[in-house]
Structures are given as structure tokens and as C-alpha cells.
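Written out below as C-alpha cells is the structure these notes cover.
Spelled out as C-alpha cells, the structure:
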């Protein structure tokens, strides 16, 4: 019930930006949004709906680069994934790190391992391989062997 | 800005299971800024996982952390079982929770010991680690290993806990409870520990929300999040227990939360043992033949907070993508809040307070003057500085009492 309300309110607030909604169960749902809407979506979830940012998972698939932003509604146990699908050749998306610090490291990590560019990130430096990894080689992409 | 001294803690030091480097920028005694460098031990486990079968991944993720080695298989099992959509047997649920809670007790005891060591209280260190031993012995009896228990699989657990072992577990737990009383009394009533930890390394509620901190780090700042209650799994919805919180957000509050949590863990295990007696021996597995295509988000409350595993299955026998987020990933970042403004002597305990996976590595910390490059202080002196502050306080308290 509560999950339906969260999804419905999200839809209300992001009318033209929601591409697809998939509710798997009362505790798991995936909402696909347009990449340019991610900052507004995250701001709504964090500031107005009171959800906690867990982490983001990047995926390299046939569709291009996908990022699942996992949010948790701790009162009900809901894990809400906000999915954005980015361009194959030039993956970039707005950074969330100016809003909350929790995404700072994971965005740096995704930048480093997948080569996804986060626009307006406060310090998009390397997180784990500073000074010991080649530039422009992204080990978590599918073509990397 | 005046002249600042850089104090590196690391890259090899006992605060983390992996080598990591904290750069403390200090103005005199006061820490003004902190920077973090890591990646010394990046093993690419997420990528490795894509080349393993689901059965093998359990052994892989168990090796992410040596202390909370069951929390990762726990979260992974929850994620895969969500994709499959299978319900495990009650007995398997009880066994999973028993393993999870035993691990919490031994991990919290380990933390109390190390926190004591950092404050110069080596007696607490030795006591806590001595009392941790019987728990590890229990693990050996139940699983065959003192660490890395290899108990989990998709659809249940690998080994049953036979009913004839329940009595031994109860006896050991009763003993551990007594020792926990002793330790809690010693830590909570000690005026010197109060002086060293109260008001030190404070994280406010807003900091916790900003950094999305989890586990005891969040609960000590009054944010009552606990996956065992919020998104119940295994046997946690079948037993009675409460989430421990504190309000102050300082090091003392974090210690308090952990110590009191141990009582909850003991109570959970006792209830699970009663549950075991009611179920049939050997019924610990359901057969899972295939992992269908889909997403699964698995969560488990490790001793340090929420472990999150996101598994994408393409219907083959290994994950197409496996994202892992350990609790320290979000908790360590809060150092930027808790350490800045503290003295160097308090920085060690502030860093230790979030219980970043301590482990095997050796400490190599040398303080040097950024301009001249001259060495000022080494690792031992840094610890001595912290221990020295405690003994000074002790003396002044003794004098006041005379």
C-alpha cells in the first residue's frame, strides 16, 4: 500500500520524466527515469520523501551504461531503484554529490571503473587507483578482459 | 592560513583490514582537515564475481572481510533468493540468525578491545579478546571454522546445528553474558573513559543523513535504522528484540550502543535455539535448480551496519553484475566530520569509533613536517600520545578524589 503511494507521488512529481515503473513486490521497485531528471528525482526522494541513499550500481549492458540509484525507505523496508540509461559512447550524468556527501565516493568509483562522467562533481578524482592505473582504461566495462 | 603539519596514518596500519592512508592536516594539536586514500588492496571482487558460479560466489564474498565474514554471504543469499523467489525453512532461518548474531558479539568484543587499546586501556583490550575466544570456539564447533564459516548457500545453510549441541551453546552464552556485564560495568562507569570519549568525535543527526551512515554509527546519533527491523530477513521477525540507540553521537555513545547490542544478540540467539528445538533436525535446505533472469537487492545488518548486495542475473549460472556495498564504505567518509576540530590524541579514537574493519595489517605512521620533511613522531609515539592523555587524566582525577 505504502509502496504504491511512494510510486504514485513520485510519478505525480516527475510526470514527463518517468519512462517505466516496475513494482516487483511491496519492498522492491524500479523506476526508470530520463537521465536529465536524475538530480530532481534524487532531490525529491532525499529531501521531500525522506529516503536514504544506499549506493549506486553501474552496469555495462547492450543498452549502454545503466546506473541504478538505490534508495531505502527505512520505515517500510522498501528499496527503490531509480534507473537511468546513459549513452553508449559518451556516458555522462549530473552528479548528486553537491546535494549529499553519500554519493561522492561511489561516483568517483564509477567514473574510474566504468568511465562514466559526472557533471559538476565537487572533486572527480580517482578513488582507488590514483597513480597506478592507465588513463582511459576502464576495468569494469564488458570489453575489458 | 598558517603553517599546517601533515600527519599520515597509514598506508599500513591496524585501523583497517585493508591498508588505507589518512592524511591529517594539523594546525598545532588540532586536526583541520582530513583526506583519505585507498585502493592499496583493491581486489576487483565485483568483477571476479562475474566469472564465478553462484555457489562459488559465497566463498568469494566471505573473503571480503575477515571479521564480519558471514554478513556478505548473508546479503548475497538474500539477493539471490529474492531473484529466485524462494522461501527457506524455519530451521535454516534460525541457523542463519544464530551465526549472524554470534558474529555480532565477537565483532563488538573485538571493537571494545581495540578501542580500549587506543585509549591506553590494555586491560580492557585483553579482557575483551579473552571473552571473545569462547565465541570463536562455538563457531568452530558449529561450522568447523573459527572464521569464514562457509555456512550459507542459496536455499538454506550447508550444515545443520544438531540439537545435542544446543546445551553447550546455551552454557557458553550464559558465561559470555556474565563477562559482558563485567565489561560493560568497567567501561560505562569509568570516569577516565568518560573523559576521553564523551563529547569526542561527535556526529550529528544531519551528518549521518548527509553521509548516509549506517549501523551503530548512525544509531549512536539517534537514527534508528537497523535492517533486521526495517527489512526483516532470516529469523529476525520471529524473535523479540529491540533496536538500541543513543542520542549523543560521540565515541561514548557508539561504545554504549555496541555494548548494549551484545545483550540483544544473546537474547536473539537464545530465542533462536528454542526455535531450533521446535523444528525438525536436518531440514535446512530447499532445492534451487535455476536462477532466473532478474534483479535482486539483498540486505543484511552486519556488526558495522547495512551490507548491500545488488545482483543482476541473466539466467546463466553466474551473476551478470554484482554490486557490493559494505557498511564501512559510507561510515569511513564520516571521518571528515568527526575528526576535524579534534586534537591528534583524540583523532585515533575518533577514527576507531566507527569500527572500520580492523585487522591484520601493521601500523606505519610517521608524522613529518610538511616544509622541512623532518620526522616528528612515529607510530608508537602517536599511540603513546593517546595513552599519555589517558594517564594524565587518571592522575588528575585521582588527585581530585584524594
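Chains as they are written, first to last, in this note's numbering: chain A, 2 to 146; chain B, 996 to 1397. Here a beta-carbon is modelled for each residue, glycine too, at the ideal position from N, C-alpha and C. Because the structure is a prediction, the values reported are computed rather than measured.
Supposed contact pair residue j and residue i - C-beta distance, whole angstroms, cut 8 Å
| i | j | result |
| --- | --- | --- |
| residue 1147(B) | residue 1072(B) | 5 Å |
| residue 1339(B) | residue 1388(B) | At roughly 16 Å, the Cβ-Cβ gap does not stay under 8 Å, so residue 1339(B) and residue 1388(B) are not in contact. |
| residue 1264(B) | residue 1156(B) | Between residue 1156(B) and residue 1264(B) the Cβ distance is about 11 Å, and since that is not below 8 Å, they are no contact. |
| residue 942(B) | residue 1310(B) | Past the edges of chain B, shown from 996 to 1397, lies residue 942(B), and the structure says nothing about it. |
| residue 1164(B) | residue 1268(B) | 6 Å |
| residue 984(B) | residue 1154(B) | No answer is possible for residue 984(B): it lies beyond the span of chain B, which begins at 996 and ends at 1397. |
| residue 95(A) | residue 40(A) | 5 Å |
| residue 18(A) | residue 7(A) | Not really, about 16 Å apart at Cβ, beyond 8 Å. |
| residue 1016(B) | residue 1006(B) | 4 Å |
| residue 1335(B) | residue 1028(B) | 6 Å |
| residue 1274(B) | residue 1085(B) | 5 Å |
| residue 1322(B) | residue 1302(B) | 6 Å |
| residue 1300(B) | residue 1078(B) | Actually they are not in contact, since the Cβ atoms of residue 1300(B) and residue 1078(B) sit about 24 Å apart, beyond 8 Å. |
| residue 1229(B) | residue 1152(B) | Going by Cβ atoms, the distance from residue 1229(B) to residue 1152(B) rounds to 10 Å, so no, they are not a contact pair. |
In DSSP terms, what residue i is bridged to
| i | result |
| --- | --- |
| residue 79(A) | 74(A) |
| residue 1155(B) | In DSSP, residue 1155(B) forms no bridge with anything. |
| residue 30(A) | 24(A), 81(A) |
| residue 1197(B) | For residue 1197(B), which the question treats as bridged, DSSP gives no partner whatsoever. |
| residue 1291(B) | 1306(B) |
| residue 1031(B) | 1017(B) |
| residue 67(A) | 60(A), 86(A) |
| residue 1022(B) | 1025(B) |
| residue 1297(B) | 1300(B) |
| residue 1318(B) | 1305(B) |
| residue 1280(B) | 1151(B) |
| residue 118(A) | 93(A) |
| residue 19(A) | 34(A) |
Cβ-based burial, residue i [other Cβ within 10 Å; buried from 16]
| i | result |
| --- | --- |
| residue 5(A) | exposed |
| residue 1355(B) | Its pLDDT being 26, under 50, residue 1355(B) is placed unreliably by the model, and the measurement read from it follows with that caveat. Looking at its Cβ environment, which holds fewer than 16 other Cβ atoms inside 10 Å, residue 1355(B) is exposed. |
| residue 54(A) | buried |
| residue 1201(B) | exposed |
| residue 132(A) | exposed |
| residue 1038(B) | exposed |
| residue 123(A) | exposed |
| residue 26(A) | exposed |
| residue 1110(B) | buried |
| residue 1345(B) | buried |
| residue 1175(B) | buried |
| residue 1226(B) | buried |
| residue 1180(B) | exposed |
| residue 1048(B) | exposed |
| residue 1312(B) | exposed |
| residue 1102(B) | buried |
| residue 12(A) | exposed |
| residue 1002(B) | buried |
| residue 10(A) | exposed |
| residue 43(A) | buried |
| residue 138(A) | exposed |
| residue 23(A) | exposed |
| residue 3(A) | exposed |
| residue 1332(B) | buried |
| residue 1253(B) | buried |
| residue 88(A) | exposed |
| residue 1118(B) | exposed |
| residue 1360(B) | A caution first: residue 1360(B) carries a pLDDT of 40, below 50, which makes its placement in the model too unreliable to give a value. |
Distance cut-off 8 Å: residue i Cβ against heavy atoms of the ligand ZN
| i | result |
| --- | --- |
| residue 1230(B) | With respect to small molecules bound, the structure shown includes none, and the ligand ZN cannot be examined in it. |
Within chain C, the residues that residue i reaches when beta carbons sit closer than 9 Å
| i | result |
| --- | --- |
| residue 1318(B) | The structure shown contains no chain C; its protein chains are A and B. |
query = Using a beta-carbon distance cut-off of less than 8 Å, what residues from the segment 1037–1066 of chain B approach chain A?
reply = Taking 8 Å as the Cβ-Cβ cut-off against chain A, the residues of the segment 1037–1066 of chain B that qualify are 1037, 1039, 1041, 1042.
key: Near-chain B residues of the segment 49–73 of chain A (beta-carbon distance less than 7 Å), N- to C-terminal order   = Taking 7 Å as the Cβ-Cβ cut-off against chain B, the residues of the segment 49–73 of chain A that qualify are 53, 54, 55, 56, 58, 60, 69, 71.
Residues within the segment 9–23 of chain A neighbouring chain B, beta-carbon criterion of under 7 Å = Within the segment 9–23 of chain A, no residue has a Cβ that lies closer than 7 Å to any Cβ of chain B.
task = Decide if the segment 1097–1107 of chain B is in contact with the segment 1057–1065 of chain B; the criterion is three or more beta carbon pairs, one per stretch, under 8 Å apart.
result = In short, these stretches touch, since the Cβ pair count reaches three.
Residues from the segment 1301–1314 of chain B in contact with chain A, defined by Cβ distance under 8 Å = Hits within the stretch, in order: 1301, 1303, 1305, 1307.
Three CB pairs or more closer than 8 Å across the segment 65–84 of chain A and the segment 21–30 of chain A = Result yes; three or more Cβ-Cβ pairs closer than 8 Å.
ask   = Is the segment 1334–1348 of chain B touching the segment 1017–1037 of chain B in the sense that three or more CB pairs, one from each, lie closer than 8 Å?
value = Under the three-pair Cβ rule at 8 Å, the segment 1017–1037 of chain B counts as touching the segment 1334–1348 of chain B.
key: Cβ contact check for the segment 1206–1220 of chain B and the segment 1294–1303 of chain B: 3 or more pairs under 8 Å   = Counting Cβ pairs under 8 Å, three or more are found: they touch.
query = Using a Cβ cut-off of 7 Å, which residues of the segment 1194–1225 of chain B contact any Cβ in chain A, in chain order?
reply = The residues in question are 1205, 1206, 1207, 1220, 1225.
request  = Count the C-beta pairs between the segment 1169–1187 of chain B and the segment 1276–1292 of chain B that are closer than 8 Å, then say yes if the count reaches three, no if not.
outcome  = With a cut-off of 8 Å, the segment 1276–1292 of chain B and the segment 1169–1187 of chain B do not count as touching, because too few Cβ pairs lie within range.
Members of the segment 114–136 of chain A that neighbour chain B once the beta carbon cut-off is set at 9 Å = Going along the segment 114–136 of chain A in chain order, one finds 114, 127, 128, 129, 130, 131, 133, 134 with a Cβ nearer than 9 Å to chain B.
task = Check whether the segment 1312–1321 of chain B touches the segment 1035–1053 of chain B, taking contact to mean three or more Cβ pairs, one atom from each stretch, closer than 8 Å.
result = Enough Cβ pairs lie closer than 8 Å, so yes.
ask   = Three or more beta-carbon pairs under 8 Å between the segment 44–60 of chain A and the segment 98–112 of chain A, yes or no?
value = A contact exists between the segment 44–60 of chain A and the segment 98–112 of chain A.
message = Closer than 9 Å between beta carbons: that is the criterion. Which residues of the segment 1281–1297 of chain B meet it against chain A?
response = Result list: 1289, 1290, 1291, 1292, 1294.
query = If contact means a Cβ-Cβ distance below 7 Å, which residues of the segment 1024–1038 of chain B contact chain A?
reply = So the list reads 1032, 1033, 1034, 1037, given in the order they occur along the chain.
request  = Compile a chain-ordered list of the residues in the segment 1245–1259 of chain B whose CB is closer than 8 Å to at least one CB of chain A.
outcome  = Taking 8 Å as the Cβ-Cβ cut-off against chain A, none of the residues of the segment 1245–1259 of chain B qualify.
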